[in-house]
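*Asks:*
Shown next as C-alpha cells:
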C-alpha cells in the first residue's frame with residue numbers, strides 16, 4: 211500500500227510516498243481503510259524533526275475517516291462500518307496518511323452521519339484537543355474564557371464547545387476573522403487583547419504565551435495546546451498543557467455534536483495522497499481557514 215513518510219528531516223519536499231506492507235490488526239485493534247485525513251501542524255513538526263527519530267522512517271497523519279477493514283478479536287467493530295479515529299504518534303513508521311491504518315478499538319467512533327468522509331477526517335485531532343483542553347480548564351457555566359487562535363482548527367472547535375457548555379467566550383483572532391469567530395459562538399471578539407485579568411481562563415490555541423496569561427484573573431486557569439510551551443506561572447493562575455490522547459468515547463460525543471449541527475467541520479482544500487508534499491507546502495504558507503485534507 212501507499213503511505214506518506216519522511217526518511218530525512220526537512221521541508222515539504224522531504225515528504226515521500228512509499229510502498230509499505232499493509233498493517234495487520236492485533237488483539238483489540240481494527241484496521242481502517244482510509245477515505246480521508248486532515249493535515250495538521252504536528253505533521254509539519256514531525257517532518258522537520260521536532261520530535262526526533264533521525265535515521266528512521268516516520269509516518270505522517272493523525273486524523274482518519276474511513277471504514278473498518280479488518281478486526282482483531284475481541285474488538286466489537288464490524289467490517290464495513292464507517293468510522294473516525296485518532297492515530298497518535300510522532301516517531302512511528304506508519305501514520306494515518308496511508309491507504310490503511312491500524313488503531314486500538316477503543317480509539318474509534320462511528321463516523322458522523324451528516325457529513326462526508328472528507329469533512330469527518332478533520333474532526334479527531336483538533337476536536338479532541340479542544341475538548342480535552344476544556345476539560346482541563348474545568349469551567350462552570352457562566353464562566354468567562356478567552357480563546358486565542360479562535361478562527362483556527364483547535365480554537366474554532368474550542369469556541370463552539372465552550373459556548374455549548376454555557377461558557378461566555380471571548381474570541382481572539384485577526385480582525386478579518388471577526389464574523390467567523392462570532393458565528394462559532396463567541397459572545398465577544400478582540401483582535402488586540404483585553405484588560406489584564408479580564409477573564410477566568412485562557413485557552414491558548416495560538417500559543418501566544420505570556421501576553422495571553424496577562425488576560426487571566428488572579429487564581430484563574432491557563433491551558434496551552436502545545437506540550438511544554440507554558441509561560442512562567444504567576445498570580446496563582448493554574449497552568450496546564452494538553453497533550454491529546456485517543457478516546458473513542460469522547461470522539462463519539464464530538465460526532466454527536468457534529469450531527470446536531472453544534473460543531474462545524476471546515477475544509478479548505480483536498481489533495482490526493484500522492485500530492486502530500488504539495489499539501490505540506492500549502493500548510494507552510496498559512497492562512498487557510500479550514501483544513502487541508504489528504505484523500506488516498
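In the numbering used here, the protein residues as written are 211 to 506. Where a beta carbon is used, it is the ideal one built from N, C-alpha and C, also for glycine. None of these values were measured; they are calculated from a predicted model.
#1: Go ahead and pull the three-state DSSP assignment for residue 266.
#2: From the DSSP output, in three-state form, read off residue 337 for me.
#3: Mind reading off the beta-carbon distance from residue 287 to residue 294? Whole number of angstroms is fine, and I expect it under 8 Å.
#4: Might you give, ordered along the chain, the residues of its own chain that have their beta carbon closer than 6 Å to the beta carbon of residue 189, omitting 5 neighbours on each side?
#5: So, helix, strand or coil for residue 249, using DSSP?
#6: Under the rule that 16 or more other beta-carbon atoms within 10 Å means buried, what is residue 354, buried or exposed?
#7: DSSP three-state label for residue 356, please.
#8: Thinking just about the alpha-carbon of each residue, which of 451, 250, 417, 218 is nearest to the one in residue 197?
#9: Following the continuous alpha helix (DSSP H) through residue 325, name the residue where it begins and the one where it ends.
#10: If you check the beta carbons only, do residue 439 and residue 417 fall under 8 Å apart?
#11: Within the present structure, is the beta-carbon of residue 258 separated from the nearest heavy atom of the ligand GDP by less than 7 Å?
#12: Verify whether the separation of the beta carbon atoms of residue 425 and residue 433 is less than 8 Å.
#13: Just checking, does the segment 338-349 make contact with the segment 251-269 on the three C-beta pairs under 8 Å criterion?
#14: Could you check which residue in 277, 351, 352, 325 has the C-alpha nearest to that of residue 318?
#15: Could you tell me the alpha carbon to alpha carbon distance between residue 316 and residue 297, rounded to whole angstroms?
#16: Going straight from the alpha carbon of residue 467 to that of residue 473, what length do you get?
#17: Thinking C-beta only, is residue 270 closer than 8 Å to residue 216?
#18: So, are the CB atoms of residue 501 and residue 477 less than 8 Å apart?
#19: Applying the 10 Å Cβ sphere with the 16-neighbour rule, what's the burial state of residue 242?
#20: Based on DSSP bridge pairs, tell me the residues matched to residue 479.
#21: Exposed or buried, which one is residue 337 when buried takes at least 16 other CB atoms within 10 Å?
#22: Note down the Cα distance separating residue 470 from residue 349, rounded to an integer number of angstroms.
#23: What residue ranges within the segment 359-387 form continuous alpha helix (DSSP H) runs of no fewer than 4 residues, ordered along the chain?
#24: Since residue 495 is in the alpha helix (DSSP H), which residue starts that stretch and which ends it?
#25: Only counting runs of 3 or more residues, tell me where the beta strand (DSSP E) segments fall wholly within the segment 252-315, in order along the chain.
#26: Answer with buried or exposed for residue 486, where buried requires no fewer than 16 other C-beta atoms within 10 angstroms of its C-beta.
#27: What are the boundary residues of the beta strand (DSSP E) that includes residue 414?
#28: Under the three-state reduction of DSSP, which class applies to residue 398: helix, strand or coil?
#29: Residue 433 by DSSP, collapsed to three states: which one?
#30: Just the Cα atoms here: how many angstroms apart are residue 375 and residue 351?
*Replies:* By the coordinates alone:
#1: coil
#2: helix
#3: Rounded, the Cβ-Cβ distance is 12 Å, inconsistent with contact.
#4: Residue 189 is absent from the structure shown; the chain starts at 211 and stops at 506.
#5: strand
#6: buried
#7: strand
#8: What is shown of the chain runs 211 to 506, which leaves residue 197 out entirely.
#9: Premise fails: residue 325 is in no alpha helix (DSSP H) and is neither H nor E.
#10: yes
#11: Questions concerning the ligand GDP fall outside what the structure shown contains, since it holds no ligand whatsoever.
#12: no
#13: no
#14: 277
#15: 12 Å
#16: 6 Å
#17: yes
#18: yes
#19: buried
#20: 502
#21: buried
#22: 23 Å
#23: 363-374
#24: 486-495
#25: 273-281, 292-296, 310-314
#26: buried
#27: 409-414
#28: strand
#29: strand
#30: 6 Å
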